[in-house]
Amino acid sequence: MAKSNEEFVQHIASRAEDFPQWYTDVILKTDMVDYSDVKGCMVIKPYGYGVWELIQQQMDAKFKATGHKNAYFPLFIPESLLLKEAEHVEGFAPEVAWVTHGGNEKLAERLAIRPTSETVIGSMYSRWIQSYRDLPVLMNQWCNVVRWEKSTRPFLRTSEFLWQEGHTAHANFEEAQEETMRMLEIYREFAEKVMAIPVIVGRKSEKEKFAGAQATYTMEAMMQDGKALQMGTSHNLGDNFARGYDITYLSKEGKLEYCFTTSWGTSTRMIGGIIMVHGDDRGLVFPPRVAPIQAVILPIAMHKEGVLEKAQELRVRLEAAGVRTELDDSDQSAGWKFNQWEMKGVPLRIEVGPKDIANNQVVVVRRDNLQKQFVPMDGLEKSINDLLDDVQQGLFDKALAMRESKTVNATNFDQLAEGVQTGFVRAMWCGERECEEAIKAKTGATTRCMPFDTTHRDELGDVCVHCGKPAKHMMYFAKAY
RNA sequence: CGGGGUGUAGCGCAGUUCGGUAGCGCACGUGCUUUGGGAGCAUGGGGCCGGGGGUUCAAAUCCCUUCACCCCGACCA
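Its first residue numbered 261, the first sequence is counted upward by one per residue in the numbering used here.
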């Protein structure tokens, strides 16, 4: 029955040869997503949605712990409402989808389908906030938004996507700034601890910042093909939206003041990041904390007496110990199952066969390094949980090493141009938009962020990597998704 | 929106040059043997050949037209 590995059908493209093709193959063949009949919209299948649910649960707990409450605001935004913040409208206008008819009747005023909700929420905050006693207002909503994109790719850029958007209102700029940073830090911790993705946090350039924001902060991750992915943003909106939507309060001194607002968001794009950072040529690799299935039990020689029963017993034990466990008792060959579950990225595979039962042990294989080990059935719960923690940490370390190997310093333009072909480039920058645009035109790379962590600053000199004028900022450059 | 490509079974494709019974692989159903790295044999089901119009005795195939999707660019979480 056993064929050599060479004869096995190649199910997925190699990452090294064609990363985009590998990405598409993997997500389609592992029941993550499907293409829908509407261009640019994806269908998230249960396995893919399971990842999103785990993200939601864990992130939402962080929001609650910092005093935020969930709410829901309308999908439709009247055009007049959208128009109140000039910069914002200008930024989003090219990608807004409009509703022009209700039934057979043309609407007197067309309705935008929210590309983001600052406007609707701002108009409500305007009604709700009267006094300094009402502040701060800390809300979040989990919802879908629509941006009419010209080119799309599942998870990374879809016309409709799921996200969370936090919106807060504060009495002054400083409090808004604190909130902006607090949420960015929650995102950073989430990325690194839960998704096992190391990120660079910092501030966006004026060109790249959110339309209507005073300052945009971001976390940027490096993918295996050398392109950067923005995984989350946090904006200090200053009093821009408060002025546009008339969000005011009476201060303790009885003066009418504008609020200062923030917004912050992360989306299903993060799932694309998880796939592109951790995946390998065998398929997906999920960090345990976002793995819909953390351990799969494969009964070997199922027809033999006691095997299936033992497998079922182990599943009950592991589930009771909080491990998301699947028992694959399907009528497939063992080899097929091995490959299938590896492709789906399940962190641990547990094999139970007659030999194991005789020895009171199981065979456990880690997805991250494919190491095989015998584990006693006694105390299996703890062993598995410990192994899951190991895999979680191992994946982070591996991803960090990958990113570091793709990050270089540049003190002149040639080094920058070369470095951005394969990853991040740290360099000094004058802060001028013309320079930023010229670099993009010449290299295809954009400014990703001005990092808070200025390690390596001393190695970068003091002049702009492009124009040679005195530098103002340390900047990460990269090609981006 | 520019440039390139593809539409034939659930999926991947051949057939189109030169019109003549709708094919292959995988998947799926059934039976038996298998099960520690993608099983074997037997047997079976499944098609408005993207849509519309033409030419012809006859169209997956030729002509006209339309629609959809994919890839590469420009724009974007």
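In this text, a Cβ means the ideal position worked out from N, Cα and C, and glycines have one as well.
{"Query": "Close beta carbons around isoleucine 617, own chain, < 8 Å, minus the five adjacent residues each side", "Result": "Gly566, Val567 and Lys570"}
{"Query": "Limits of the unbroken alpha helix (DSSP H) element including tyrosine 229", "Result": "Outside the shown range of the chain (261 to 741) lies residue 229, about which nothing can therefore be said."}
{"Query": "Valine 635 - partner residues in DSSP beta bridges", "Result": "Val622"}
{"Query": "Among Phe634, His726 and Lys615, nearest to valine 623 - alpha-carbon criterion", "Result": "Phe634"}
{"Query": "Separation of alanine 740 from serine 264, as counted between CA atoms", "Result": "Its pLDDT being 31, under 50, serine 264 is placed unreliably by the model, and the measurement read from it follows with that caveat. Cα to Cα, serine 264 sits roughly 40 Å from alanine 740."}
{"Query": "Lysine 366 - DSSP class collapsed to helix/strand/coil", "Result": "strand"}
{"Query": "Assumed close pair methionine 302, proline 375 - CB separation to whole angstroms, cut-off 8 Å", "Result": "That pair is no contact at about 17 Å."}
{"Query": "Per DSSP, the bridge partner or partners of serine 391", "Result": "Leu510"}
{"Query": "Short Cβ contact (8 Å threshold) for valine 406 with isoleucine 373", "Result": "yes"}
{"Query": "Span of the beta strand (DSSP E), counted from its first residue to its last, around threonine 707", "Result": "706 to 711"}
{"Query": "Coarse secondary structure for phenylalanine 279, derived from DSSP in three states", "Result": "helix"}
{"Query": "Top-ranked residue by Cα proximity to alanine 561, from Val606, Lys597 and Ile553", "Result": "Lys597"}
{"Query": "Histidine 538 beta carbon less than 8 Å from that of leucine 655", "Result": "yes"}
{"Query": "8 Å Cβ cutoff met for arginine 529 and cysteine 709", "Result": "no"}
{"Query": "Contact under 8 Å by Cβ, valine 550 with valine 311", "Result": "yes"}
{"Query": "Rounded straight-line distance, which links the Cα of leucine 398 to that of asparagine 330", "Result": "9 Å"}
{"Query": "Nonlocal neighbours in the same chain, by C-beta distance under 8 Å from glutamine 621, ignoring five residues either side", "Result": "Phe634, Val635, Pro636 and Met637"}
{"Query": "Sequence-distant residues of its chain with Cβ nearer than 6 Å to valine 486 (five each side left out)", "Result": "Inspection of the sequence shows that residue 486 is occupied by glycine rather than by valine. Answer for glycine 486: Lys666, Thr682 and Gly683, listed in chain order."}
{"Query": "Integer-rounded CB distance, given that leucine 544 should sit under 8 Å from isoleucine 553", "Result": "With 8 Å as the limit, isoleucine 553 and leucine 544 do not qualify as a contact, their Cβ atoms being about 11 Å apart."}
{"Query": "Beta-carbon proximity of leucine 720 to methionine 688, cut-off 8 Å", "Result": "yes"}
{"Query": "Strand pairing of glutamate 611, partner residues [DSSP]", "Result": "Leu558 and Val623"}
{"Query": "DSSP three-state assignment for phenylalanine 673, whether helix, strand or coil", "Result": "helix"}
{"Query": "Given glycine 472 as reference, the closest of Ala581, Glu694, Ser377 and Glu452 once Cα atoms are compared", "Result": "Ser377"}
{"Query": "DSSP bridge partner residues for aspartate 540 (one or two, in chain order)", "Result": "Gly543"}
{"Query": "Aspartate 722 beta carbon less than 8 Å from that of proline 730", "Result": "yes"}
{"Query": "Residues that arginine 413 bridges to, as DSSP identifies them", "Result": "Arg417"}
{"Query": "Heavy atom of the ligand COA within 7 Å of lysine 453 beta-carbon", "Result": "In the structure shown, the ligand COA is absent, as is every other ligand, since no ligand is present at all."}
{"Query": "Cβ separation of leucine 444 and serine 494, assumed to be a contact under 8 Å, to the nearest whole Å", "Result": "4 Å"}
{"Query": "Buried or exposed by the 16-neighbour rule on C-beta atoms within 10 Å, applied to serine 274", "Result": "exposed"}
{"Query": "Beta bridge counterpart(s) of tryptophan 689 as assigned by DSSP", "Result": "His733"}
{"Query": "Minimum C-alpha distance to threonine 284 - residue among Asn672, Tyr447 and Thr412", "Result": "Thr412"}
{"Query": "Sub-8 Å separation of glutamate 452 and valine 459 beta-carbons", "Result": "yes"}
{"Query": "Contact check, glycine 308 vs methionine 292, beta carbons under 8 Å", "Result": "yes"}
{"Query": "Classification of leucine 516 by the beta-carbon crowding that lies within 10 angstroms, buried from 16 upward", "Result": "exposed"}
{"Query": "Pair within 8 Å by beta-carbon distance, asparagine 645 and alanine 580", "Result": "no"}
{"Query": "Assumed close pair alanine 677, threonine 703 - CB separation to whole angstroms, cut-off 8 Å", "Result": "5 Å"}
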